[in-house]
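See structure below.
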Amino acid sequence: MNWLYQSPSIAFDANFESGNLASAERVNEFEYDLFIQPDISTTTRMWFYFRCQSVPLNQPILFNIVGINKSNTTFSTQQRIIVRSTSRSKWQRLPSTQQFYTNSSKHRCYSSFPILSFSFQFEVQEEYFFAFGYPYTYSMLQKFIARIADHSLPFVSIDSLGKSSQDRDMTCITIGRPSVFSKYYNDKRPETMHTVMITARTHAGEFPGSYICHGILEFMLSNNPKAKFLRNNVQFKIVPMVNPDGVFSGYYRTNSNGYDLNRNFYEPVNQTQEATIIKGLAEELMGTERSETVGSFDQSTLNSVLLDIATQEQIGLTEASQDEDSSQSQSKPQSASGNYKSPLNKEKSKSERLSAVPANIPKIPVKATKLSYEQMIEQEHAKSALNTQPPHKTHLDFVIDLHSHSNQSGGFLFLNPDGYIFQRAKRQRTEQVFPQILAKNCSVFGSLQSSFKESQNVREGSLRRAFCQLGKQKLADDCPYIYCLEISNSHGPDPAEGGKAQLKVEEDAESSDADQDMEEEIPDQKFVIYTPEKYMQIGEKICDSLYDIYSKLFK
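Count along the sequence shown from 1, then add 1; that gives the number in this note's numbering.
Encoded structure:
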């Protein structure tokens with residue numbers, strides 16, 4: 002119906018990786034309704050990412066994004082649509098004066114939820130891209146993994162766990178000198194290879210998880226003394242993209258078969274083979290030995306260290322009263338940012354950018370030459386003795402599943418309140434240690450009224466709940482500590498700053514696990530907008546917190 006209007010219509014499409022736009026309808030001379038494509042076999046609509054071409058110049062255009070099926074999102078507070086163009090490759094947030102998130106009477110026939118509208122004026126005739134958040138695509142991850150592989154670092158192993166439903170690699174990056182190259186083992190063979198497992202992008206559209214995971218990898222590959230300590234004593238198993246098909250297709254929660262993987266870890270089916278693969282990795286890391294004794298908790302040196310930390314930090318006061326807050330202040334810790342050099346320093350040329358993916362791989366925060374890093378590795382291993390015997394067994398200590406939240410500012414962690422069989426009191430205290438330390442190191446998790454939440458009943462198919470049950474079956478009270486880390490899609494306290502650990506257990510937090518909470522702002526709290534760099538800082542803080550624990554275990 003272009004004959005109704007004096008100007009030509011804008012050309013819309015989402016025919017590129019992670020793109021999402023179902024259709025566009027011109028409703029006025031300078032107004033368009035844009036409809037989000039739902040996840041396959043579901044009604045979930047949240048992620049959008051589309052391109053505009055043949056645009057009118059110097060004329061404000063109103064766009065209405067129809068189909069977001071949540072009443073409360075951070076679009077009503079601080080989240081903004083981001084935009085980039087051919088000549089301006091860096092993503093920029095729209096000004097608050099150009100974006101509106103309100104109920105619309107003229108769109109009631111399409112949606113009962115608020116409509117996200119924005120005004121934009123095109124100044125140059127070129128391609129423009131608009132997105133829900135900062136895209137981190139499957140191809141971006143593959144390029145980053147290739148850069149890691151090019152350096153042939155002796156403490157890194159890159160393996161494919163298997164194939165997704167659409168035949169994409171599910172990559173696992175193993176970091177840790179003893180577990181990868183046996184010739185670098187120390188003289189004393191470790192009895193147990195302590196292991197940390199980290200997963201991201203189980204829900205396809207939760208892009209912050211990829212940037213946090215990227216920050217973890219950057220830190221762990223650096224020459225930071227804490228990173229070297231962790232590599233020498235702990236094995237990291239990192240799966241950066243659990244749901245590559247959903248990410249590629251531009252979905253928000255499901256895989257290519259329409260299944261929410263985070264509801265299918267307990268009993269995966271053929272259509273959720275990604276969950277089967279990840280669960281298989283966890284089973285392998287938990288080992289074949291079964292522990293059914295009362296003393297299994299106390300036999301673990303890690304649990305002893307966590308109990309000591311809990312006593313020193315007065316963690317576990319919620320056992321006496323679930324409603325009392327226990328808060329402790331700590332001076333701002335030294336930031337990990339800027340204190341290390343990464344070997345992955347090569348700047349990308351324009352020819353190396355993805356032609357089909359209008360997004361760039363996150364830049365590495367600090368540069369270093371490959372030669373200097375190789376010299377560091379040589380010095381690190383100079384005093385290592387040749388010992389080809391592996392550790393007696395692998396023990397999975399921590400599992401951290403990275404997610405994002407569309408309704409809240411800041412971040413929080415879900416833990417398992419029933420990760421015990423015999424030692425209830427001790428286990429409940431040690432469960433709180435990692436959230437407490439992370440809260441002190443990173444204000445994102447320390448300035449909320451509840452920096453961690455207990456959740457047990459409804460979400461039995463989630464990775465957190467399914468792996469807890471698996472761990473108890475195999476290891477009894479020495480079950481791994483399994484956390485679901487949630488971070489805002491938009492804003493919150495500055496991750497570069499330390500926080501106050503204000504812990505308050507919420508018994509019924511299931512709605513949060515489903516990403517349905519109301520926005521929860523803290524009075525007088527200073528917020529920053531979360532960018533890829535801020536999310537990567539959170540990844541560094543996670544590593545800092547793990548170092549604070551393991552440095553007490555390996556004295």
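Each residue gets a CB set at the ideal place from its N, CA and C atoms; glycine is no exception.
Next on the checklist: According to DSSP, VAL197 sits in a beta bridge with which residue or residues?
Outcome noted: The partner list for VAL197 (beta bridge, DSSP) reads PHE237 and PHE399.
Checklist entry - Tell me which same chain residues have a C-beta within less than 6 Å of the C-beta of TYR267, skipping the five on either side of it? => result Listed in chain order, the non-local C-beta contacts of TYR267 below 6 Å within the same chain comprise GLU461, GLY462 and ALA467, local neighbours out to five positions each way being set aside.
Item to check | PRO494 versus THR395: straight-line alpha-carbon distance, rounded | outcome: For PRO494 and THR395, the distance between alpha carbons rounds to 36 Å.
Item to check | Chain-order list of residues whose beta-carbon lies under 6 Å from that of ILE213 (same chain, five-residue window excluded) | outcome: Close CB contacts of ILE213 within its chain, under the 6 Å cut and outside five residues either way in sequence, are with LEU403, TYR536, ILE539 and GLY540 (chain order).
Next on the checklist: Spatial neighbours of ALA515 within its chain, please: C-beta separation below 7 Å, excluding the five flanking residues on both sides.
Outcome noted: With a pLDDT of 46 at ALA515, under the threshold of 50, the modelled position of this residue cannot be trusted, and the question is left open.
Checklist entry - Among ASN417, LYS427 and ASN21, which one has its Cα closest to the Cα of GLY472? => result Comparing Cα positions, the closest option is ASN417.
Checklist entry - Candidates ILE483, PHE49 and SER410: which alpha carbon is nearest GLY134's? => result Comparing Cα positions, the closest option is PHE49.
Next on the checklist: Tell me whether the segment 256–274 and the segment 141–161 touch, counting them as touching only if at least three CB pairs, one residue from each stretch, are closer than 8 Å.
Outcome noted: Taking 8 Å as the limit for Cβ pairs, the verdict is that the segment 141–161 does not touch the segment 256–274.
Checklist entry - Is it the case that the Cβ atoms of THR74 and ASN408 are separated by a distance below 9 Å? => result With contacts defined as CB atoms closer than 9 Å, THR74 and ASN408 qualify as a contacting pair.
Checklist entry - So what's ALA497 in DSSP terms, helix, strand or just coil? => result Looking at ALA497 - three-state DSSP - the assignment turns out to be coil, as it is neither helix nor strand.
Next on the checklist: Which of the three DSSP states is assigned to PHE51 in this structure?
Outcome noted: In the structure shown, PHE51 sits in a strand (DSSP, three-state: E or B).
Checklist entry - What did DSSP end up calling TYR421 once you bin it into helix, strand or coil? => result Coil.
Checklist entry - Does DSSP classify GLU275 as helix, strand or coil? => result Helix.
Item to check | Cβ separation of ILE401 and ILE176, assumed to be a contact under 8 Å, to the nearest whole Å | outcome: Not quite, the Cβ-Cβ distance comes to about 14 Å (not below 8 Å), so this is no contact.
Item to check | Nearest-angstrom Cβ-Cβ length linking GLU487 and GLY412, presumed shorter than 8 Å | outcome: With 8 Å as the limit, GLU487 and GLY412 qualify as a contact, their Cβ atoms being about 6 Å apart.
Checklist entry - Helix, strand or coil for PHE528 per DSSP? => result Coil.
Checklist entry - Exposed or buried, PRO209, counting other C-beta atoms within 10 Å across all chains shown (16 or more means buried)? => result Under this definition PRO209 is a buried residue.
Checklist entry - Looking at the structure shown, is VAL67 part of a helix, part of a strand, or coil, going by DSSP? => result Here VAL67 sits in strand by DSSP.
Item to check | From LEU547, PHE131 and VAL434, residue whose alpha carbon lies closest to that of ARG85 | outcome: When only C-alpha atoms are compared, the closest one is PHE131.
Item to check | Cβ pair count under 8 Å reaching 3, the segment 526–533 against the segment 279–288 | outcome: Under the Cβ criterion (8 Å, minimum of three pairs), the segment 526–533 does not count as touching the segment 279–288.
Checklist entry - Quick one: is ASP14 buried, meaning 16 or more other Cβ sit within 10 Å of its Cβ, or exposed? => result Exposed.
Checklist entry - From HIS215 to PRO57, what does the alpha carbon distance come to, in whole angstroms? => result If you take the alpha carbons of HIS215 and PRO57, they lie about 38 Å apart.
Item to check | Counted within 10 angstroms of its Cβ, other Cβ atoms place GLU207 as buried (16 or more) or exposed | outcome: Answer is buried; the Cβ neighbour count reaches 16.
Checklist entry - Just checking my contact of LEU397 with PRO481 at CB under 8 Å: how many whole Å lie between their CB atoms? => result Between LEU397 and PRO481 a beta carbon distance of about 4 Å is seen, short of the 8 Å cut, so the two are scored as contacting.
Checklist entry - Whose CA, out of SER112, TRP92 and GLN126, lies closest to the CA of GLN54? => result Minimum Cα distance to GLN54 is reached at GLN126.
Checklist entry - Are the beta-carbon atoms of ALA440 and GLY500 separated by less than 9 Å? => result Cβ distance < 9 Å, so ALA440 and GLY500 count as in contact.
Next on the checklist: If you measure between the beta carbons of GLN99 and PHE119, is that distance less than 9 Å?
Outcome noted: Contact: yes.
Item to check | Continuous alpha helix (DSSP H) stretch holding LYS164: start and end | outcome: LYS164 -> not in any alpha helix (DSSP H); beta strand (DSSP E) instead, spanning 157–164.
Checklist entry - For CYS110, which residues of its own chain have a beta-carbon under 8 Å away from its beta-carbon, when the five flanking residues on both sides are left out? => result Here the set comprises nothing.
Checklist entry - When the Cα atoms are used, what is the spatial distance from TYR548 to PHE435? => result Per the coordinates, the alpha-carbon of TYR548 lies some 11 Å from the alpha-carbon of PHE435.
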